[in-house]
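Enquirer:
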Amino acid sequence: DQQVKQNSPSLSVQEGRISILNCDYTNSMFDYFLWYKKYPAEGPTFLISISSIKDKNEDGRFTVFLNKSAKHLSLHIVPSQPGDSAVYFCAVANAGGTSYGKLTFGQGTILTVHP
Amino acid sequence: DTAVSQTPKYLVTQMGNDKSIKCEQNLGHDTMYWYKQDSKKFLKIMFSYNNKELIINETVPNRFSPKSPDKAHLNLHINSLELGDSAVYFCASSGPTKETQYFGPGTRLLVL
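Chains Z and Y supply the protein sequences, listed in that same order.
The numbering used here applies: residue 1190 is where the first sequence begins, and numbers increase by one.
The numbering used here applies: residue 324 is where the second sequence begins, and numbers increase by one.
#1: Does the pairing of the stretch 1230 to 1250 of chain Z with the stretch 415 to 431 of chain Y give three or more beta-carbon distances under 8 Å?
#2: Of the choices Z/THR1301, Z/CYS1279, Z/LEU1300, Z/ASN1283, whose alpha-carbon is the least far from that of Y/LEU296?
#3: In or out: Y/LYS363 buried (at least 16 other Cβ within 10 Å) or exposed?
#4: Alpha carbon to alpha carbon, how far is Y/LYS375 from Y/SER391?
#5: Here's the rule: buried if 16 or more other CB atoms are within 10 angstroms of the residue's CB, otherwise exposed. What is Y/THR354?
#6: Kindly list, in the order they appear in chain Y, the residues whose Cβ is closer than 7 Å to that of Z/GLY1297.
#7: If the cut is a Cβ gap below 7 Å, which residues of chain Z does Y/PHE413 touch?
#8: Does Y/ASN402 come within less than 8 Å of chain Z when only Cβ atoms are used?
#9: Is the Cβ-Cβ distance between Y/GLU437 and Z/ALA1275 less than 8 Å?
#10: For Y/PRO384, does the three-state DSSP call read helix, strand or coil?
#11: DSSP state of Z/PRO1229, grouped into three classes?
#12: Just the Cα atoms here: how many angstroms apart are Z/LEU1262 and Z/PHE1235?
#13: For Y/GLN337 and chain Z, any beta-carbon pair shorter than 8 Å?
#14: What three-state label does DSSP hand Y/LEU435 in the structure shown?
#15: In the DSSP assignment, what residue or residues form a beta bridge with Z/THR1234?
#16: What residues from the stretch 1246 to 1276 of chain Z come within 9 Å of chain Y, judged by C-beta to C-beta, listed N to C?
#17: In terms of DSSP beta bridges, what is Z/ASN1246 paired with?
#18: Does DSSP put Z/ASP1213 in a helix, in a strand, or in coil?
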């Protein structure tokens, strides 16, 4: 029973273009949403987050958009760089509840940025 | 200066053995976690400790026992290893914003 789905296993983008990674969730109780980035043989690293009271959060080249009615979030990377090539995981939480930091992850999207 | 470290990095062992994975964080965080990444690449939480107290205990076989000797350490002991335990195990820690977690490099466990 997957509560978080990243339907694109992989994405290939040209350097300088926009990368858009998507994530869908099923439970409307989730109120905090994050993206993590993972390089091979390393642990995931936190990238950007958004709470359910916002619909957009921007940090440099990275922007996360949240559409609560559609239970959908996306990560935009502009411009994409070869160093962005990694696996991107979306994660969701019920921060307003008693989740104590319990994150539910999607299965990841492999992003490849070509020079 | 690794923020969250795990040992060993690789672990190859026979079915039925008992093994431990150690985790240490030097970030001064109160909360630590264990995650399992299975062959389908899903990262699933197993346990969470806050100030040495067990907070989250997902549906994990009781062959898995976490131990937190102090706030900076969370170890995972696995008894009677099975083939299905083969996975990458990640330790993580978090500060006041619990959802922003810092992960270790992972321990790749292979049970033969």
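A virtual CB, placed ideally from N, CA and C, is assigned to each residue, including glycine.
Expert: In short, the structure shows the following:
#1: Yes: at least three Cβ pairs fall under 8 Å.
#2: This structure leaves residue 296 of chain Y out entirely; chain Y is present only between 324 and 435.
#3: For the purposes of this step, residue 363 of chain Y is taken as residue 40 along the second sequence, with counting starting at 1. Its Cβ having fewer than 16 others within 10 Å, Y/LYS363 is exposed.
#4: Position 52 of the second sequence, counting from 1, holds the residue named residue 375 of chain Y. Position 68 of the second sequence, counting from 1, holds the residue named residue 391 of chain Y. Cα-Cα distance, rounded: 5 Å.
#5: Your numbering for residue 354 of chain Y matches position 31 in the second sequence. Buried: at least 16 other Cβ atoms inside 10 Å.
#6: As a working mapping, residue 1297 of chain Z is identified with position 108 in the first sequence. Near Z/GLY1297 (Cβ distances below 7 Å), the residues of chain Y are LYS364.
#7: Counted from its first residue, the second sequence places residue 413 of chain Y at position 90. Listed along chain Z, the residues sitting closer than 7 Å to Y/PHE413 by beta-carbon distance are GLY1232.
#8: For the purposes of this step, residue 402 of chain Y is taken as residue 79 along the second sequence, with counting starting at 1. No, because no Cβ of chain Z sits closer than 8 Å to the Cβ of Y/ASN402.
#9: The structure shown does not extend to residue 437 of chain Y, since chain Y is modelled only from 324 through 435, so no value can be given for it.
#10: The count along the second sequence starts at 1 and reaches residue 384 of chain Y at position 61. Correct three-state label for Y/PRO384: coil.
#11: Numbered from its first residue, the first sequence carries residue 1229 of chain Z at position 40. Z/PRO1229: coil per DSSP, three-state reduction.
#12: Counting from 1 along the first sequence, the entry for residue 1262 of chain Z is found at position 73. Counting from 1 along the first sequence, the entry for residue 1235 of chain Z is found at position 46. In a straight line, the C-alpha of Z/LEU1262 is about 16 Å away from that of Z/PHE1235.
#13: Sequence index remark: in the second sequence, residue 337 of chain Y carries index 14 (1-based). Under the 8 Å criterion on CB atoms, Y/GLN337 is classed as non-interfacial with respect to chain Z.
#14: As a position in the second sequence, residue 435 of chain Y is number 112, starting the count at 1. Three-state DSSP puts Y/LEU435 in coil, outside helix and strand.
#15: Against the first sequence, residue 1234 of chain Z aligns to sequence position 45. For Z/THR1234, which the question treats as bridged, DSSP gives the partners Z/LYS1226.
#16: Cβ contacts with chain Y come from VAL1276.
#17: Taking the first residue of the first sequence as 1, we reach residue 1246 of chain Z at position 57. Z/VAL1253.
#18: As a working mapping, residue 1213 of chain Z is identified with position 24 in the first sequence. Strand.
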